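Residue numbers (our numbering): 36 to 408. For reference, the structure is listed below as structure tokens.
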């Protein structure tokens, strides 16, 4: 997967930067960063504040990894039908108040017959804005590739992302994964982008506890709050609870953004030992794994029935019940986006949350290649 991402970013980097497209209206002075838990997540008007930043996003976001992708999703194909479905997913998300979208420069590449996810998202926003004014929060990511050095590489990549998105700035810019070297320079680049007004908040992704604390401390010296850490987190992959990442996020006032919150569709209940997923996921979520999962899935369905909710909605709600967590499930269609919206506006009881956690302890989650221990 990391190799595919590296190939994708080469293609992404070939976009010609439009003159002045990314220029910020004004430089942003660094502001004081909360020194304690005062920066914890706050809620206003149904939204969640990202850490100690000024950015508030919907309680449930939408991941755009699959939009344009041909290497992991969409059965290695991208066509007009899938494009229309992705656009419908975007519109349905907006209609249901899910206005936070997460993409990355490495999602989608023409070299593999795909379209860059940032370009698609930017087009969707522009088309919708022509019909009505919408309040959208966009997050994208910098790929920490071995041949990228120093803070300047972060600013250069960001400006190309803004060009593809056709936006003057984004709400959140994240380091996609820790680099093999040069991470202090990357963090300095995030702070530079914040001070120049190109981003409204900065975050990291796939950072373990030590790296997270180090990043928080370095940015704090610049007066820049570390708003988020995006990690793999779901009912059946609770590593952030076990390795100190969730606790550190809560302590430092950093929002945990949860990718793969329904375990790449496995917690939707549509896969069984007799009907496993196809494609790359087939090697991970095998019939043996799905057999072990069935007792948990049966209880999820029972609990969901008492609320009139399905397994996907129960699994997403379980995450929101953890506090300081914003799940970003990937929506490939209007139907999926509508389904995700059903995870909002209600809550599992504390007893149900703990019962599901207890049942899930029998399941060993699957680690993504770019995660740190």
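Think of the CB as a built atom: it goes at the ideal place given N, C-alpha and C, for glycine as much as any other residue. These numbers come from a predicted model, not from an experiment.
Original post:
Is the Cβ-Cβ distance between residue 247 and residue 264 less than 7 Å?
Top reply: yes
Original post:
Less than 7 Å separating the beta-carbons of residue 243 and residue 212?
Top reply: Not in contact: residue 243 and residue 212 (Cβ atoms no closer than 7 Å).
Subject >> As assigned by DSSP and simplified to three states, the class of residue 184 >> reply: Residue 184: coil per DSSP, three-state reduction.
**OP:** Indicate the three-state DSSP secondary structure (helix, strand or coil) for residue 138 in the structure shown.
**Re:** coil
**OP:** Spatial neighbours of residue 13 within its chain, please: CB distance less than 6 Å, with the 5 preceding and 5 following residues excluded, ordered by chain position.
**Re:** There is no way to answer for residue 13, as the model of the chain reaches only from 36 to 408.
Subject >> Proximity of residue 350 and residue 270 at Cβ, strictly below 7 Å >> reply: Taking C-beta atoms as the reference points, residue 350 and residue 270 count as a pair closer than 7 Å.
Subject >> Neighbour-count burial assignment, residue 397, 16 or more Cβ in a 10 Å radius >> reply: exposed
**OP:** Please state whether DSSP places residue 90 in a helix, a strand or coil.
**Re:** Correct three-state label for residue 90: coil.
Subject >> DSSP state of residue 175 mapped onto helix, strand, coil >> reply: Of the three classes helix, strand and coil, the one that applies to residue 175 here is strand, per DSSP.
Subject >> Assigned secondary structure, residue 280 (DSSP; H/G/I helix, E/B strand, else coil) >> reply: helix
Original post:
Three or more C-beta pairs closer than 8 Å, one from the segment 169-176 and one from the segment 364-383: is that the case here?
Top reply: no
**OP:** Kindly indicate the opening and closing residues of the beta strand (DSSP E) around residue 263.
**Re:** 261-267
Original post:
With distances taken between CB atoms, is the gap from residue 273 to residue 223 smaller than 7 Å?
Top reply: no
**OP:** Out of 210, 205, 328 and 171, point me to the one whose CA is closest to residue 189's CA.
**Re:** 210
Subject >> Inter-residue spacing [alpha-carbon to alpha-carbon] between residue 98 and residue 310 >> reply: 25 Å
Original post:
Among the residues of its own chain, which have a CB less than 8 Å from the CB of residue 83, if the five just before and after it don't count?
Top reply: If we look at residue 83 and ignore the five residues flanking it on each side, its Cβ neighbours are 76, 77, 91, 92, 93, 94, 290 and 361.
Original post:
What do you reckon, are the CB atoms on residue 232 and residue 155 nearer than 7 Å?
Top reply: no
Subject >> Best match in 262, 294 and 306 for proximity to residue 285 [C-alpha to C-alpha] >> reply: For residue 285, the nearest C-alpha among the options comes from 262.
Subject >> Extent of the continuous alpha helix (DSSP H) run through residue 322 >> reply: 322-342
**OP:** Might you give, ordered along the chain, the residues of its own chain that have their beta carbon closer than 6 Å to the beta carbon of residue 390, omitting 5 neighbours on each side?
**Re:** Excluding residues within five positions, none has a Cβ falling inside 6 Å.
Subject >> Residues that DSSP places opposite residue 207 in a beta bridge >> reply: Answer is 174, bridged to residue 207.
Subject >> Rounded distance between the beta-carbons of residue 369 and residue 124, thought under 8 Å >> reply: 6 Å
Original post:
Just to confirm, are residue 229 and residue 259 a CB contact at a threshold of 7 Å?
Top reply: Cβ distance < 7 Å, so residue 229 and residue 259 count as in contact.
Subject >> Through-space distance from residue 292 to residue 336, alpha-carbon basis >> reply: 25 Å
**OP:** Determine the burial state of residue 352: buried for a count of at least 16 other Cβ atoms within 10 Å of its Cβ, exposed for fewer.
**Re:** buried
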